[in-house]
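One structure below.
Residue numbers (the UniProt record's numbering), protein chains in the order written: chain A, 1 to 320; chain B, 1 to 284.
Below you can see the structure in the form of C-alpha cells.
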C-alpha cells in the first residue's frame, strides 16, 4: 500500500507525536502511555536489555558451568576467542557465505519478480509457487536436502542424475575437499528465501509509475535492457537496499541449516554454530561464549552502519 | 497492467511463450523438493533407498502416518502439540503486547516518547540470534528451561513488530479516533472499539508472519527444550538427522506433517500474507 520509502514515513513522526498537543491532559495521557507501552517495555528490558548487559558482564569473567562467576579476568575471554582459530575461522566462513548468498539471492529474487510481473495470466499461481518454500522451515528443508537430494549415496537424487551421465557419486556433505557442501548450503537457503524477497520486489515493481515507461518510450528508449537499466533498476533502489540489508542480517544469523546439514563437522561452521558449541557444548563456557557474542554484535552493528553510509539507508537519518 | 510489455505482433507471441516456458521451468524446480517429501513420505524404506531412482512410488503407503505417531524413540505427536500451543500463544501474545506498545508510541503524547522509541529501535541493531547465550543464561536462572514459559515469553517482545505497528498506526486516519474521543471514549476504549476493528487486515498479516516464524523457529527451542517433553516439531525433526538408525519413511512423513499446517496457512491466507510481507519489507 504505502508507496513511499522508509524515510518518508518515519522521519516526521516523532516530532508530531510529542509536539502536536503538548498541553491537553498531559497527566492523563502520561498514565495512558505507560498502560499501553508498559508491558512491552518491561519485557524488552527483562528479555533484551538485561541479557545483553549480563552478557557483556560475563564476558569479563571466567564463567564455566556458572552464570554467577566471581573471578574477574579482564579481556582474557576476548583474547581467547580472537586467537581461537575456530572462532576466527567461523567469521571467515560467514564472510564467504554472505559474499555468495547475498548477491545470488538478490539476483534470483529480482529475476523471478520481473518474470512474474510480466505474466498476463496465471500470475497468482506462479507467485504462489515461488513463495511457497517460505512455509518450509530450515530444518525441514535441510532434511530433504541432506537425506534425499544431496544424499551422498547412489539413491540420492543428484547422484542419480549424475549417474545417468556416467559420473561418480559425490559425497556432498561428508568431505570438505572439494567443498561441495557450499552448493548444498547455498541452494537450500536460496530455495527457502528467494520467494520471500521476490514478493518485496513485486510490490516495488507495481509501484513504479507507468508514466515513466511511457515517457521513455516517447524518448525512443527500447523496451528490454535499456528501460530496465535506466528506469526499473533506479526505481527499485530503495527496495534493493532494504533487501540487501535484510539478506545480510539473515546471513549473519545463519544457524539452522549449517547445524543440521553439517552436524558436528569441524568445517563450515558459521559464528552462531561456533558460539552454540562454545557456550552450550561440553565446556559450557558462558564467559567465552559471551565474549564471542559481543564481538559478533559489534561486527554486525559496524557492517549495518557502514552499509547505511554507502547505500544511504534510513536509520542514521532518524536519530537526528 | 502490462504497459511495459513488448510491442504487439509475432515477436510478442514468441516472447510471451518464452517467458511462460522459463517461468514454468523455474516453478518445476521450486516444486521438486515438495514432491520429494510427499513421494518419500508415502513410500517404504526399500523404495526410497532402492538402486533405481523412481519418480513414483509403486504403492502409496498410508500406514506411515500411524507408524510415525506410534514410534516411541521420538515423541512426535507430543512435539506437534507443543508447537501448536507455542505457535498460537506466541502469536496472540506478540500481537497484544506489540500492538499496544506501537499504538502508545504512535498516538499518545508523552514527553519522553521519542527517547523510548529510540531505545526500541536500538534493539533492532542487535539480532535476536546473537543474544541467545545471555538469554539462555537469564531464562535458566529463572528456572524456565524445558518449560512453556521459556519457549514463549522471551519471544513476545519483538522490537521489530512493535516498530511495524507504530508505523501502521501513524498512518491510521486520526479522524476516526477523534470522533470516538469526542463521544467520550478514552484511549483504551477508542483503541479496542475503533482502531482494532478497523485494522483487522493488518493484524491478520502480522499474525500470519508471526505464526510462521514461531512455528519454524529452531535455535531457541533447541536451546530451551532440553527435555524431550518440551521439544517442538523442529527440534524433533532435527533429532531424526542425528539418530543412528535411519527410518527414511518416518523421517519424511514427519517432515510432511510438520510442513502441512503452514502450507494450509499459506494457501488460505495468501492475500494477507503477500500484503503483509510487502509492507514489512518496504518499511524494514
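Built from N, CA and C at the ideal position, the CB exists for glycine as well.
Only a predicted model underlies this, so the values are computations on that prediction, with no experimental measurement involved.
**OP:** Report yes if the CB atom of residue 275 (chain A) is closer than 9 Å to the CB atom of residue 298 (chain A), and no otherwise.
**Re:** no
Subject >> Any C-beta of chain B under 9 Å from that of residue 147 (chain A) >> reply: yes
Subject >> Neighbour-count burial assignment, residue 246 (chain B), 16 or more Cβ in a 10 Å radius >> reply: Around the Cβ of residue 246 (chain B), a 10 Å sphere holds fewer than 16 other Cβ atoms; the residue is exposed.
Original post:
Is residue 55 (chain A) near residue 137 (chain B), with beta carbons less than 9 Å apart?
Top reply: yes
**OP:** Spell out a yes or no on whether the segment 90 to 110 of chain A and the segment 190 to 198 of chain A are touching, meaning 3 or more CB-CB pairs, one atom from each, closer than 8 Å.
**Re:** yes
**OP:** Under the assumption that residue 102 (chain B) contacts residue 169 (chain B) (Cβ atoms under 8 Å), give the Cβ distance between them as a whole number of angstroms.
**Re:** 6 Å
**OP:** Assign residue 42 (chain A) to one of two classes, buried (16 or more other C-beta atoms within 10 Å of its C-beta) or exposed (fewer than that).
**Re:** exposed
Subject >> Residue-chain proximity (residue 124 (chain A), chain B), Cβ-Cβ < 9 Å >> reply: Under the Cβ criterion of 9 Å, residue 124 (chain A) is counted among the residues facing chain B.
Subject >> Integer Cβ distance of residue 215 (chain B) from residue 83 (chain B), believed to fall under 8 Å >> reply: 6 Å
Original post:
At a Cβ cut of 8 Å, what residues of the segment 53 to 68 of chain B count as close to chain A, listed as they run along the chain?
Top reply: 53
Original post:
First and last residue of the alpha helix (DSSP H) that includes residue 162 (chain B)?
Top reply: 159 to 170
Subject >> Any alpha helix (DSSP H) of 4 or more consecutive residues that is wholly inside the segment 8 to 71 of chain B >> reply: If we require 4 residues or more, the alpha helix (DSSP H) runs fully inside the segment 8 to 71 of chain B come out as 10 to 41, 45 to 48 and 63 to 70.
**OP:** Report yes or no: is there a C-beta of chain A within less than 9 Å of the C-beta of residue 266 (chain B)?
**Re:** Contact with chain A is found for residue 266 (chain B), since one of that chain's Cβ atoms lies less than 9 Å from the residue's Cβ.
Original post:
What three-state label does DSSP hand residue 309 (chain A) in the structure shown?
Top reply: In the structure shown, residue 309 (chain A) adopts helical secondary structure according to DSSP, grouped into three states.
Subject >> C-beta neighbour in chain A for residue 50 (chain B), strict 9 Å >> reply: yes
Original post:
Using Cβ-Cβ distances below 8 Å, what residues of the segment 206 to 233 of chain A are close to chain B?
Top reply: 210, 213, 214, 223, 224 and 227
Subject >> C-beta atoms of residue 215 (chain A) and residue 262 (chain B) nearer than 9 Å >> reply: Between residue 215 (chain A) and residue 262 (chain B), the C-beta gap is not smaller than 9 Å, which leaves the two residues out of contact.
Original post:
Is it true that the CB of residue 288 (chain A) sits closer than 9 Å to the CB of residue 77 (chain A)?
Top reply: yes
Original post:
Taking just the CA atoms, how far does residue 146 (chain A) sit from residue 89 (chain A)?
Top reply: 24 Å
**OP:** Could you have a look at residue 72 (chain A) and say whether DSSP puts it in helix, strand or coil?
**Re:** strand
**OP:** Please specify which runs of the alpha helix (DSSP H), each continuous and at least 4 residues long, are wholly inside the segment 164 to 242 of chain B, giving them in chain order.
**Re:** 174 to 182, 187 to 190, 200 to 216, 219 to 224 and 233 to 242
Original post:
Who are the neighbours of residue 41 (chain B) on chain A, taking C-beta pairs under 7 Å?
Top reply: What residue 41 (chain B) touches in chain A: nothing, since even the nearest Cβ is about 11 Å away.
**OP:** List the residues of chain A that residue 270 (chain B) touches, going by C-beta distances under 7 Å, in chain order.
**Re:** 128
Subject >> residue 126 (chain A) beta carbon less than 9 Å from that of residue 251 (chain A) >> reply: no
Subject >> Beta-carbon proximity check, residue 277 (chain B) vs residue 230 (chain B), cutoff 9 Å >> reply: In this structure, residue 230 (chain B) does not lie closer than 9 Å to residue 277 (chain B) by Cβ.
Original post:
Does the Cβ-Cβ distance between residue 36 (chain B) and residue 266 (chain B) come in under 9 Å?
Top reply: no
**OP:** Determine the contact status of residue 33 (chain B) and residue 236 (chain B), defining contact as a CB-CB distance below 9 Å.
**Re:** no
Original post:
Got a sec: is the Cβ-Cβ distance from residue 60 (chain A) to anything in chain B below 9 Å?
Top reply: Any Cβ of chain B closer than 9 Å to the Cβ of residue 60 (chain A) would place that residue at the interface, and such an atom is absent.
**OP:** Let me know the secondary structure DSSP gives residue 47 (chain A) once reduced to three states.
**Re:** helix
**OP:** Tell me residue 64 (chain A)'s beta-bridge partners as DSSP assigns them.
**Re:** A:285
Original post:
residue 240 (chain A) to residue 203 (chain A), Cα distance in whole Å?
Top reply: 12 Å
Subject >> Other residues of its chain near residue 221 (chain B): CB distance less than 7 Å, five sequence neighbours each side excluded >> reply: 151, 232, 234 and 235
**OP:** Show which residues of chain B have a CB atom less than 7 Å away from the CB atom of residue 297 (chain A).
**Re:** 126 and 130
Original post:
How about residue 306 (chain A): is its C-beta nearer than 9 Å to some C-beta of chain B?
Top reply: no
Original post:
Helix or strand or just coil, what does DSSP make of residue 3 (chain B)?
Top reply: Because residue 3 (chain B) carries a pLDDT of 47, less than 50, the predicted location of this residue cannot be relied on, and no value is offered for it.
Original post:
Taking Cβ-Cβ distances shorter than 9 Å, what residues in chain A pair up with residue 234 (chain B)?
Top reply: 137, 138, 139, 140 and 256
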